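Structure first, then comments.
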Amino acid sequence: FQSAAIISPSAPRRHRGARISHQDGQRSSVFLKDIFASSHPSGVHHKEDLKEAVVPHDYMLSIYRTYSAAEKLGLNASLFLSSKSANTITSFVDRGTALQDDLLHSPLRRQKYLFDVSTLSDKEELVGAELRIFRRSPGDLQASLPTAGPYDIQVYPCHSDRLLDSRSLDPLDSAKAGWEVLDVWEMFKVYRQHHHQPHLKENQLCLQLRVTLGKSDTEVDLRRLGLDRKGRPQREKAILVAYTRSKKRENLFNEMKENISSRKEEAGVLGEKVAKRGVKGEGPRRRRR
Amino acid sequence: TALNNRHGKRHGKKSKSRCSRKALHVNFKELGWDDWIIAPLDYEAHHCEGVCDFPLRSHLEPTNHAIIQTLMNSMDPNSTPPSCCVPTKLSPISILYIDSGNNVVYKQYEDMVVEQCGCR
């Protein structure tokens, strides 16, 4: 699949009831520039009271574009292998930071990835989970690697040495940037059994990554493979993707209620600060009708 | 024989169209949902409108009850209203949105687009 970029010129306001013909299947007119603007450093300082901007990863955009195109062709998206028969796909962004990498002794032998999965509904059946990590092109850093691979990328739970998944990386691929995908469904299942306590607010899932030379136990410096996290834009951060299927028909109003209440919580915090302003685009989040 | 509604129509009154699917463009931005819905920001939902009067067309796939109710209404409009023009086939759409934890979520929502209308 090509990565999706859903951008279309801001559509003119349409008259109610006029028959609207769409050239391609895309009804979407996502103003991605707004999303990037709010996540762009220069864009953030005057929106400091807005919560950290959310920028969808290319993977989520391509998921959306593929399945909505399939719907328009009358195909059932859950028949796609990549959807694992899920009707909900949630991406959690890594909360680990470059600081944690730096705190570890250099060279960087292991990395911890932290995901807050508290919003994942336990009413839905988990049908798959994968860790997606972006490997930047190491450039000349790789030249100093002891040998040119192959390498073995391994992922473990942070508090155990039980290998969850591994995949080999051959020398040619290791010189180019790309996404590495590791299956962590096993751990997620165990996690959900033990953490099935809704009151647990901080549902953090922790994964540990290391790379060895082939099948040996010689650990490789992750920086030399473009895996360090310093200065990464939002869309290059690692994501944990959970595939779930809900039996009952998804009700739009669940999300609406959830979002309204979370905005209210936030507005409560921001209320006193911004209430007076009210200038368009600066006041509290628009009240939803 | 059932009264044929057509003769009973007063002159000059605009004849109401038969039950059929009409356009309904939904703009999530106008609903104020664009701060949590990433895509699509608008879509064509359609809606059903029109009268279910005698004789019912077969493509409206009436239930037996709707046939009976329409007959009864044709014979005596005070005995019962006509059957209703409603969606008889719906399809899903995909939505990419931001959940309350600031995560990007893809979800398929059933019953978002009217594909067919009928009398029930």
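Sequence lines, in order, name chains A and B.
Each residue of the first sequence is one higher than the one before, starting from 1 at the first, in our numbering.
Each residue of the second sequence is one higher than the one before, starting from 1001 at the first, in our numbering.
The beta carbon of each residue, even a glycine, is placed where N, CA and C say it ideally should be.
Given the structure is predicted, the values throughout are model-derived calculations rather than measurements.
Within the stretch 55 to 70 of chain A, the residues whose Cβ lies closer than 8 Å to any Cβ of chain B are, in chain order, P56, H57, M60, L61, I63, Y64, Y67 and S68. Its Cα nearest to that of V155/A, the residue Q208/A stands out among Q208/A, G226/A, E186/A and T66/A.
Rounded to whole angstroms, the gap between the alpha carbons of Y243/A and Y59/A is 13 Å. In the same chain as N1027/B, and ignoring 5 residues on each side of it, the C-beta atoms closer than 6 Å to its own belong to D1042, in chain order. When beta bridges are read from the DSSP output, R245/A appears opposite E125/A.
Using beta-carbon distances, V1114/B does not count as an interface residue toward chain A, since no partner is under 8 Å. Setting aside the 5 residues that flank it on each side, G226/A is surrounded in the same chain by R135, R136, S137, P138 and A177, each with a C-beta closer than 7 Å to its C-beta; the list follows chain order. Taking the C-beta atoms as reference points, D116/A is found no nearer than 8 Å to R229/A.
By the criterion of a C-beta distance shorter than 6 Å, L240/A is surrounded in its chain by F92, F115 and L131, once the five residues flanking it on both sides are discounted. Ranked by how close their Cα comes to the Cα of E124/A, the residues T88/A, R95/A, N203/A and T97/A have T88/A in first place. Neighbours of F92/A in chain B, taken as residues at a C-beta separation under 7 Å, are given in chain order as N1103. Rounded to the nearest whole angstrom, the CA to CA distance from W1036/B to Y64/A is 15 Å. At a C-beta separation below 9 Å, T88/A has these neighbours in chain B: V1105, Y1106, K1107 and Q1108. When the beta-carbon positions are compared, R1018/B and H1046/B stay at least 8 Å from each other.
Proximity of chain A to S1017/B at the Cβ level (cut-off 8 Å) is not reached, the minimal Cβ distance being about 13 Å.
Here P1077/B carries a coil assignment [DSSP, helix/strand/coil]. By the Cβ rule, the stretch 1049 to 1067 of chain B counts as touching the stretch 1080 to 1094 of chain B, because three or more pairs are nearer than 8 Å.
Of the other Cβ atoms in all chains shown, 16 or more fall within 10 Å of the Cβ of E71/A; this residue is therefore buried.
For G128/A and A86/A, the gap between their C-alpha atoms comes out near 8 Å. Contact of S118/A with chain B is assigned, a C-beta pair being separated by under 8 Å.
Think of a sphere of 7 Å around the beta carbon of P1092/B: the chain A residues whose beta carbon falls inside it are E71, in chain order.
Per DSSP, the beta bridge partners of R1018/B are V1051/B. Under the three-state reduction of DSSP output, R223/A falls in the helix class.
Interface with chain A (8 Å Cβ-Cβ cutoff): L1056/B is excluded. D1099/B has a beta carbon lying within less than 8 Å of a beta carbon in chain A. Taking a contact to require three or more Cβ pairs closer than 8 Å, the stretch 1096 to 1103 of chain B and the stretch 1063 to 1074 of chain B do not qualify as touching.
With respect to chain A, the C-beta atom of L1096/B has a partner C-beta closer than 8 Å. Only residues of its own chain outside the window of five on either side were considered, and among them L1096 have a CB closer than 6 Å to the CB of A1039/B, listed in chain order. Each of T119/A, L205/A, S174/A and S168/A was checked against the Cα of V184/A, and the nearest Cα belongs to L205/A.
K112/A and C158/A have their alpha carbons spaced roughly 7 Å apart.
Note that the C-beta distance between V55/A and R235/A is below 8 Å. Here K1016/B is exposed. Its C-beta has fewer than 16 other C-beta atoms within 10 Å. Between the C-alpha atoms of K1089/B and L1031/B there is a straight-line separation of about 25 Å. The Cβ-Cβ distance between E180/A and R109/A does not fall below 8 Å.
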